Amino acid sequence: MNRVKINNQSGLHLFNLVGFEVRLDWSWFFLAVLVTWTLAVGYFPFRFPNLSQSTYWIMGVAGTIGLFFSIVLHELCHSLVGRFYGIPIAGITLFIFGGIAKMRDMPPNPKSEFFMAIVGPLFSIGLAYTLFLVLQVALSFKWQIPIVGVIVYLSMINLMLGIFNLLPGFPLDGGRVFRAILWWWKDDLKWATKIACRGGVVLGLSMIILGIMQFLLGAVIAGLWLFVLGFFIERMSKVSYEQVLIRDIFRNEPIKKYAKQNPISVKSNLTIDELMTKYFYLYYHKLYPVVDKEELVGCIFLNDIKPIAKEKWSSLRVRDLMRECSSDVFIDGNMKVIEVLQIMNTQNITRMIITDKQSLYGIITLKDLLDVISLRMAFEEEV
1 MNRVKINNQS GLHLFNLVGF EVRLDWSWFF LAVLVTWTLA VGYFPFRFPN
51 LSQSTYWIMG VAGTIGLFFS IVLHELCHSL VGRFYGIPIA GITLFIFGGI
101 AKMRDMPPNP KSEFFMAIVG PLFSIGLAYT LFLVLQVALS FKWQIPIVGV
151 IVYLSMINLM LGIFNLLPGF PLDGGRVFRA ILWWWKDDLK WATKIACRGG
201 VVLGLSMIIL GIMQFLLGAV IAGLWLFVLG FFIERMSKVS YEQVLIRDIF
251 RNEPIKKYAK QNPISVKSNL TIDELMTKYF YLYYHKLYPV VDKEELVGCI
301 FLNDIKPIAK EKWSSLRVRD LMRECSSDVF IDGNMKVIEV LQIMNTQNIT
351 RMIITDKQSL YGIITLKDLL DVISLRMAFE EEV
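For the sequence shown, the UniProt record's numbering assigns the number 1 to the initial residue and increments by one for each residue that follows.
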């Protein structure tokens, strides 16, 4: 399905597949229960009557497991093509609406975008056809009905997965294919994304309306599912366009352009008692750069002081507790804004220290960047 950036540590690690980490978001368990219940109580009894209830539940579990691996393989195809084109892929995560191949960066050109997007649906349709051929063998050799039933379901669901993902609404695969074609035609990623995302908004709203109609006609679960999925697609279409706008706003700009210069810093010979009174209790920052003779020598964190008894604060100095500024909060001023935003997003960091030739240059916070984004996007056309 879609490929968006999410926290690298979200969900449960399952296994590694040809170099890609496969994770399971907690929302997948809700989907697994819903699919298993729907298959065991509704689909299989309707299509294959006169079997025991326990058999239906076994078929439901088997169908859900088959769906799991179908989605993993679908996303693996995206990831392999992305790797071929040099697009960094952090891994694969399954969640309530399907799966995502987590890209660390956008495709560099329309060609890579096109082939990375199209391969997933084509694989799902190909898998559906392969399972259809297996079904013919199963019928010829009169395999047991529960096995035949699961094969029928997996063939059908993969065909639906492939066709649905070809719909030209961003961020579905079909929407990405559509964007790649528009991008190639006009050589304008921003414009292509806007048009493709409008398709996603239309698709999402259509699904919401259809879901409401089905709900009113009595198909409660199907209606709710369409409504929620439509809402997700409509929202993600807008978010995807905003991501491209952000990249356009900060294109090749260094982070030091937005830094607050002359930030509050502390001396290494300051006592912890003075540090708490004059800095932590006054400005409420959770870390301070330590500067001696205009050179950055380390960082002092509030968490490093918490374990220290208050009676010892007057005898300890900043240099006793400070530590080297790690790469998590310590960046070069020439680093691109987009790279800094990616670090803040994946590492859950809201405040970073900026240096210039080992000297303290300034500080940037996530709020500062969000304020810039909010101001600049107020003048951009919405999807």
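Think of the CB as a built atom: it goes at the ideal place given N, C-alpha and C, for glycine as much as any other residue. Quantities reported herein were computed from a predicted structural model and do not represent experimental measurements.
Asked: Which one of Arg-351, Lys-190, Phe-301 has the shortest CA to CA distance from Glu-382?; Found: Lys-190
Asked: Along the chain, where does the beta strand (DSSP E) containing Gly-99 start, and where does it finish?; Found: 98–103
Asked: Since Ile-92 and Phe-20 should fall inside the 8 Å C-beta cutoff, what is the C-beta to C-beta distance between them, to a whole number of angstroms?; Found: 6 Å
Asked: Opposite Asn-16 in the DSSP bridges: which residues?; Found: Glu-21
Asked: What do you reckon, are the CB atoms on Val-72 and Ile-118 nearer than 8 Å?; Found: no
Asked: With respect to the alpha helix (DSSP H) encompassing Ala-196, which residues constitute its N-terminal and C-terminal limits?; Found: 189–216
Asked: Mapping DSSP to helix, strand and coil, what is residue 454?; Found: Nothing about residue 454 can be reported from this structure: the residues present for the chain run from 1 to 383 only.
Asked: Is it buried or exposed, Val-318, if we count other Cβ atoms within 10 angstroms and call 16 or more buried?; Found: buried
Asked: Could you give the first and the last residue of the continuous alpha helix (DSSP H) run that contains Ile-354?; Found: From DSSP, Ile-354 is part of no alpha helix (DSSP H) but of the beta strand (DSSP E) over 351–356.
Asked: When burial is assigned at 16 or more other CB atoms within 10 Å of the CB, is Pro-110 buried or exposed?; Found: buried
Asked: Pull up the DSSP beta-bridge partners for Cys-299, would you.; Found: Pro-289, Arg-323
Asked: Is it the case that the region 84–98 contacts the region 21–33, given that we only count it when at least three CB pairs across the two stretches are under 8 Å?; Found: yes
Asked: Bridge partners of Pro-171, per DSSP?; Found: Its beta-bridge partners do not exist; DSSP assigns none.
Asked: Can you name, in chain order, every residue of its own chain whose Cβ lies under 6 Å from the Cβ of Gly-60, other than the five neighbours on each side?; Found: Thr-36, Leu-39, Ala-40
Asked: I need the DSSP call for Ser-268, collapsed to helix, strand or coil.; Found: coil
Asked: Is Ile-343 near Leu-321, with beta carbons less than 8 Å apart?; Found: no
Asked: Going by the beta-carbon positions, is the gap between Gly-333 and Thr-355 smaller than 8 Å?; Found: yes
Asked: Taking 8 Å as the threshold, find out whether the region 273–282 comes into contact with the region 304–317 through three or more Cβ pairs.; Found: yes
Asked: Is it buried or exposed, Pro-49, if we count other Cβ atoms within 10 angstroms and call 16 or more buried?; Found: exposed
Asked: Can you list, in chain order, the residues of its chain with a C-beta nearer than 7 Å to that of Val-134? Leave out the 5 residues immediately preceding and following it.; Found: Ile-151
Asked: By DSSP, does Val-367 sit in helix, in strand, or in coil?; Found: This sequence places Lys at residue 367; Val is not what is there. DSSP places Lys-367 in helix when its eight states are reduced to three.
Asked: Per DSSP, Ser-359 forms a beta bridge with which residues?; Found: Asp-356
Asked: Taking the alpha carbon of Phe-115 as the reference point, which residue from Arg-47, Leu-224, Ile-209, Ser-79 has its own alpha carbon closest?; Found: Ser-79
Asked: Where Phe-379 and Thr-64 are concerned, what is the direct C-alpha to C-alpha distance, given to the nearest angstrom?; Found: 46 Å
Asked: For a test of the three-state rule: what should DSSP assign to Gly-11, helix, strand or coil?; Found: coil
Asked: Have a look at Asp-368 and Gln-347 and give me their C-alpha separation to the nearest angstrom.; Found: 17 Å
Asked: Leaving out five residues before and five after Arg-235 in sequence, what residues of the same chain have Cβ atoms less than 8 Å from its Cβ?; Found: Gly-204
Asked: Is it right to say Phe-30 is buried, meaning 16 or more other beta carbons lie within 10 angstroms of its own, or is it exposed?; Found: exposed
Asked: From Ile-163, Tyr-56, Ser-268, Glu-253, pick the residue whose C-alpha is nearest to that of Glu-324; which is it?; Found: Ser-268
Asked: Report the rounded CA-to-CA distance for Ile-212 versus Ile-195, giving the unit in angstroms.; Found: 26 Å
Asked: Taking Gly-126 and Glu-75 to be in contact with their CB atoms under 8 Å, please state how far apart those CB atoms are, rounded to whole angstroms.; Found: Not confirmed; about 15 Å, so no contact.
Asked: Leaving out five residues on either side along the sequence, give the residues of the same chain with a beta carbon under 8 Å from the beta carbon of Phe-123.; Found: Leu-73, His-74, Cys-77, Gly-162
Asked: With 16 as the cutoff for other CB atoms within 10 Å, does Met-160 come out buried or exposed?; Found: exposed
Asked: By a C-beta neighbour count over all protein chains shown, 10 Å radius and 16 as the cutoff for buried, is Ile-233 buried or exposed?; Found: buried
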